[in-house]
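With the numbering used here applied, the sequence shown covers -17 to 273. Ideal placement from N, C-alpha and C gives every residue a C-beta, glycine not left out.
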Amino acid sequence: MKISRQKHDFDIESITVDSQNPGTHLLILGVVHGNEPCGLLAAEKIISECEKGERQLKNGKITFVPVCNPRAFARNVRETDENLNRVFYKEPRSNSYEAKIAPVLCSIIEKCDVVLDIHSYRAQTPPFVMNDYANNTTNAWVEALSLHNVIIGWTDLYPEGGGTLDYADECGQFGLCIECGQHTDETVVQTAYTMMDETIAFWKIGEKLTDEPKQRPLDIGLMVKLIHRPDETAQLIDGMHNFMPFDVGDVLYTSEKENFCAPFNGFIVMPKPGAAVGKEWFYLARKMRDI
Ligand SMILES: [Zn+2]
């Protein structure tokens, strides 16, 4: 095994662990959002295992970019100018820091075959995976993970792309994005580590070192609608949380102008109670039949 470190523009560092045999080139991204350190911490653990010989790679290689957004990480904020996961373009579409670092990350993505993007969430949540470009291969990859909740259909809400997985798909690669739990939860790093470990095994790069039971059947949600916060008076109903189920007609937010009622039976995805007016506030998903 060969381990090499490379410095890129904007102080972005990549570490590649190479089995020196043919096989899949897996890219693992951490800290796309600066206040989500679980990907970094889990990546460090796996790199350290490789350095000590506790983990052997048999085929292919893994490239880690443990900190994709160095400035936001240094400030412990989600983003400095804008959400990196909405501006993932080879050609920057704005002058923001995030738009400028995206091309560096795009050129790293281009060299790999498969992308695993590791995140955490602001509130308590079970881990969940975004299978944005679902196909037989990504479905089988999801099947190999010891989690329960799967979200599909994200790309229909963002047809202009701009996420890590959009760029991976443009490059003809497979990708998954995993939300590993709450930022500061004590289990979040272990979950990130397990997801990486199970991904390494799925792609036959190395043996699994974890043995987590699978949680089945999978619960699959189809993202249907994005709600932006309409005005200052708009407030989410009390107790709204990720994966909260609702029935058609349930009030989901109130404001001076209207009470917004659920247009179908489904569940809430990723509510942001503190969202600014006009910004992404929460998503509505439909529950799919279990597979
Ligand atoms: Zn994130």
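Exposed or buried, what is Gly145 when buried is set at 16 or more other beta-carbons lying within 10 Å of its beta-carbon? On the sequence shown, residue 145 is found 163 positions in, with the first residue counted as 1. Flag for Gly145 reads buried.
Looking only at its own chain, which residues have a Cβ that is under 6 Å from the Cβ of Pro109, when we skip the five neighbours before and after it? Working through the sequence shown from its first residue, we reach residue 109 at position 127. Around Pro109: Leu129, Cys162, Gly163, Thr173.
Are the segment 240 to 249 and the segment 220 to 232 in contact at 8 Å, needing three or more beta carbon pairs? yes
In whole angstroms, what is the alpha-carbon distance linking Val59 and His15? As a position in the sequence shown, residue 59 is number 77, starting the count at 1. As a position in the sequence shown, residue 15 is number 33, starting the count at 1. Rounded to whole angstroms, Val59 to His15 spans 7 Å at the Cα level.
Which of the three DSSP states is assigned to Leu127 in this structure? Sequence index remark: in the sequence shown, residue 127 carries index 145 (1-based). Residue state, collapsed to three classes: coil.
For Arg37, which residues from the same chain have a beta carbon less than 7 Å from its beta carbon, with the 5 sequence-adjacent residues on both sides left out? Taking the sequence shown and counting its residues from 1, one reaches residue 37 at position 55. Around Arg37: Ile28, Glu31, Gly188, Leu191.
Report yes if the C-beta of Val14 is less than 7 Å from at least one heavy atom of ligand 1; otherwise report no. Taking the first residue of the sequence shown as position 1, residue 14 is located at position 32. Indeed, a heavy atom of ligand 1 lies less than 7 Å from the Cβ.
Could you spell out where the beta strand (DSSP E) holding Ile219 opens and where it closes? Here residue 219 corresponds to residue number 237 of the sequence shown, with the count starting at 1. No beta strand (DSSP E) contains Ile219, which DSSP labels as neither H nor E.
Taking 7 Å as the cut-off, does the CB of Glu61 come closer than this to any heavy atom belonging to ligand 1? The residue labelled residue 61 in the question sits at position 79 within the sequence shown. No, since every heavy atom of ligand 1 falls outside the 7 Å radius drawn around the Cβ of Glu61.
Excluding the 5 residues flanking Asp272 on each side, which residues of the same chain have their C-beta closer than 8 Å to its C-beta? By 1-based counting over the sequence shown, the position of residue 272 is 290. Here the model assigns Asp272 a pLDDT of 42, short of 50, so the residue's position is not dependable, and the following value carries that caveat. Contacts found: Pro199, Leu200, Asp201, Ile202.
Cβ atoms of Asn65 and Ser1: under 8 Å apart, would you say? Against the sequence shown, residue 1 aligns to sequence position 19. Against the sequence shown, residue 65 aligns to sequence position 83. No.
Whole-angstrom distance between Glu73 and Ser(-4), CA atom to CA atom: Indexing the sequence shown from 1 puts residue -4 at position 14. Indexing the sequence shown from 1 puts residue 73 at position 91. The alpha-carbon atoms of Ser(-4) and Glu73 are separated by roughly 21 Å.
Grouping DSSP H, G and I as helix and E and B as strand, with all else coil, what is Pro52? Position 70 of the sequence shown, counting from 1, holds the residue named residue 52. Three-state result, Pro52: helix.
Report the partner residues of Arg268 according to the DSSP bridge assignment. Counting from 1 along the sequence shown, the entry for residue 268 is found at position 286. Note: Arg268 sits in a beta bridge opposite Leu204.
Is Glu18 a contact residue of ligand 1, with contact defined as CB to any heavy atom under 7 Å? Position 36 of the sequence shown, counted from the first residue, corresponds to residue 18. Glu18: yes, Cβ under 7 Å from ligand 1.
Are three or more beta carbon pairs between the segment 237 to 246 and the segment 205 to 214 nearer than 8 Å? yes
Would you list the one or two residues that DSSP bridges to Glu262? Within the sequence shown, numbered from 1, the residue matching residue 262 stands at position 280. His210.
Can you check which of these residues, Ile83, His165, Leu266, is closest to Phe242 by C-alpha distance? Within the sequence shown, residue 242 is the residue found at index 260, counting from 1. Nearest option by C-alpha distance: Leu266.
Segments of 4+ residues assigned as alpha helix (DSSP H) that fall wholly inside the segment 94 to 143: 118 to 125, 136 to 139
According to DSSP, is Glu240 part of a helix, a strand, or is it coil? Taking the sequence shown and counting its residues from 1, one reaches residue 240 at position 258. Looking at Glu240 - three-state DSSP - the assignment turns out to be coil, as it is neither helix nor strand.
Does the beta carbon of Asp229 sit closer than 8 Å to a beta carbon anywhere in chain D? Absent from the structure: chain D. Only one protein chain is present.
DSSP has Glu(-5) in a bridge; who is on the other side? By one-based count along the sequence shown, residue -5 stands at place 13. Paired residues: Lys(-11).
Nearest to Tyr79 by alpha carbon, out of Thr176, Asp179, Lys269, Ile(-6)? Along the sequence shown, one-based indexing puts residue 79 at 97. It is Ile(-6) whose Cα lies nearest to the Cα of Tyr79.
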